[in-house]
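The structure under discussion appears below in the form of structure tokens.
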Amino acid sequence: MILEGTIIKGIAGFYYVATEQNIYECKARGKFRNEDITPMIGDHVVIQISSQETNTGSIIDITPRKNLLIRPPVSNVDQVIIVFSIAQPDPNLYLLDRFLLLIEEQNLPAYICFNKVDLKYQNALIEMQEIYKKAGYDVIITSTITKEGVSLLQNLLINKITVFAGPSGVGKSSLLNEIQPSLQLKTGDISYKLKRGKHTTRHVELLPLENGGYVIDTPGFTSMQINHLSIENLAYYYREFQPYLSSCQFHHCSHIHEPSCGVKEAVKQGKITLQRYESYVSMYNEIQQQRRW
Ligand SMILES: Nc1nc2c(ncn2[C@@H]2O[C@H](COP(=O)(O)OP(=O)(O)O)[C@@H](O)[C@H]2O)c(=O)[nH]1
Ligand SMILES: [Mg+2]
Ligand SMILES: [Zn+2]
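Position 293, counted from 1, in the sequence shown is what this note's numbering calls 879; the numbers after and before it change by one each time, with no gaps.
Written as structure tokens, this is what we have:
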């Protein structure tokens, strides 16, 4: 029997494929190894069932991927929710911008979520919200203490494959537990650890949602490599720069040193925030330095 499904997790050479009825434990056909193709979490696959009793089979085909994230390694993602906390730990907007670059490179829809808004710091929050709204992102404000924003997040996830990304300790797993308590994800909270969560965030895994869709919880990043990005495309990945790129006098304008630059003019007029422009300049310099080496 032939069925179609989605790879929801992989452990030690086995892939777990969710079809409409069942989850099948599958091996990948040898032809993938020969063609140097590795099945990925998120892949839509065709499987041949070897046994309905033991729910086993083999992957015989992989549908072309819509997209591919490197961190976490998962394909066919519909959207990414980037979570930062407004305190404990303090938000690192430089890291946020680096992650946004990778998302723009993959052309993925992204939301920015500022969590722990119960922890005061109102002015800082308003400022961050302004920066990213102006940059063209939807900003969601949440707290697992006051429950603010939780149902809004819940609705965003329906029938989508959503990655929760962000540094460790910002409340990703806590938010997911609020959205769906049965997930029982481990959190930084000690009482939770004693209760032993069902899932750890070490493996990438698509977690099914009761209202349809999947979420991927990630352990959290502390840094983000960007030196594989092309310096020529960098300005396009700052999505709010795009309307001004055609106003530059020079065709290969770096938007740093050149006169008559549409981007610099937009910064002067307050259409692009100084924070994001400075972020661009520092990423540009970083990529250029890497190249020299
Ligand atoms: N004050 C406050 N603490 C939170 C909130 N969300 C999560 N936390 C706490 O932050 C810590 C880290 O949460 P966790 O979900 O493990 O973060 P993760 O590493 O991003 O998954 C835990 O002690 C949580 O209880 C929030 O909205 N407000
Ligand atoms: Mg976590
Ligand atoms: Zn320019």
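Ideal Cβ positions, reconstructed from N, Cα and C, are used throughout, including at glycine.
Just list the residues that DSSP pairs residue i with in beta bridges.
{"i": "S644", "result": "K613 and Q634"}
{"i": "S671", "result": "N701"}
{"i": "V666", "result": "A696 and V749"}
So, under 8 Å CB-CB, residue i and residue j are touching, yes? Tell me the CB distance rounded to an integer number of Å.
{"i": "I645", "j": "R615", "result": "6 Å"}
{"i": "S754", "j": "P805", "result": "6 Å"}
{"i": "L795", "j": "L742", "result": "Not quite, the Cβ-Cβ distance comes to about 11 Å (not below 8 Å), so this is no contact."}
{"i": "I817", "j": "Q766", "result": "Wrong, their Cβ atoms sit about 42 Å apart, outside the cutoff."}
{"i": "I717", "j": "R862", "result": "7 Å"}
{"i": "C714", "j": "L761", "result": "One detail in the question is off: residue 714 reads as Met in this sequence, not Cys. That belief does not hold up - the Cβ atoms of M714 and L761 are roughly 18 Å apart, past 8 Å."}
{"i": "F827", "j": "I858", "result": "6 Å"}
{"i": "V669", "j": "G752", "result": "4 Å"}
{"i": "I747", "j": "N662", "result": "6 Å"}
{"i": "L771", "j": "G628", "result": "Contact doesn't hold; Cβ gap of about 19 Å is too wide."}
{"i": "T730", "j": "G757", "result": "6 Å"}
{"i": "E590", "j": "V632", "result": "6 Å"}
Please find out if some non-hydrogen atom of ligand 1 comes closer than 7 Å to the beta-carbon of residue i.
{"i": "D647", "result": "no"}
{"i": "V756", "result": "yes"}
{"i": "L705", "result": "yes"}
{"i": "S729", "result": "yes"}
{"i": "S759", "result": "yes"}
For residue i, does the three-state DSSP call read helix, strand or coil?
{"i": "S661", "result": "strand"}
{"i": "S809", "result": "coil"}
{"i": "A604", "result": "strand"}
{"i": "K595", "result": "strand"}
{"i": "I588", "result": "strand"}
{"i": "L655", "result": "strand"}
{"i": "G848", "result": "helix"}
{"i": "M626", "result": "coil"}
{"i": "Q828", "result": "helix"}
{"i": "Q861", "result": "helix"}
{"i": "E621", "result": "coil"}
{"i": "L682", "result": "helix"}
{"i": "L815", "result": "coil"}
{"i": "E639", "result": "coil"}
{"i": "I842", "result": "coil"}
{"i": "E835", "result": "Checking the sequence shown, residue 835 turns out to be Gln, not Glu. Looking at Q835 - three-state DSSP - the assignment turns out to be coil, as it is neither helix nor strand."}
{"i": "Q855", "result": "coil"}
Report whether the distance from the Cβ of residue i to the nearest heavy atom of ligand 2 is below 7 Å.
{"i": "K702", "result": "no"}
{"i": "P753", "result": "no"}
{"i": "P805", "result": "yes"}
{"i": "S636", "result": "no"}
{"i": "S737", "result": "no"}
{"i": "S671", "result": "no"}
{"i": "L792", "result": "no"}
{"i": "T773", "result": "yes"}
Taking 7 Å as the cut-off, is the C-beta of residue i nearer than that to any heavy atom in ligand 3?
{"i": "H838", "result": "no"}
{"i": "H843", "result": "no"}
{"i": "V849", "result": "yes"}
{"i": "C834", "result": "yes"}
At the 8 Å Cβ level, is residue i part of the contact set with chain B, yes or no?
{"i": "I672", "result": "Absent from the structure is chain B; it holds one protein chain and no more."}
Item checked: 3 or more residues per run - each beta strand (DSSP E) lying fully within the region 718-803 -> 724-727, 747-751 and 800-803
* Could you name each continuous beta strand (DSSP E) segment of 3 residues or more that falls completely within the region 688-721, going from the start of the chain to the end? => 696-701
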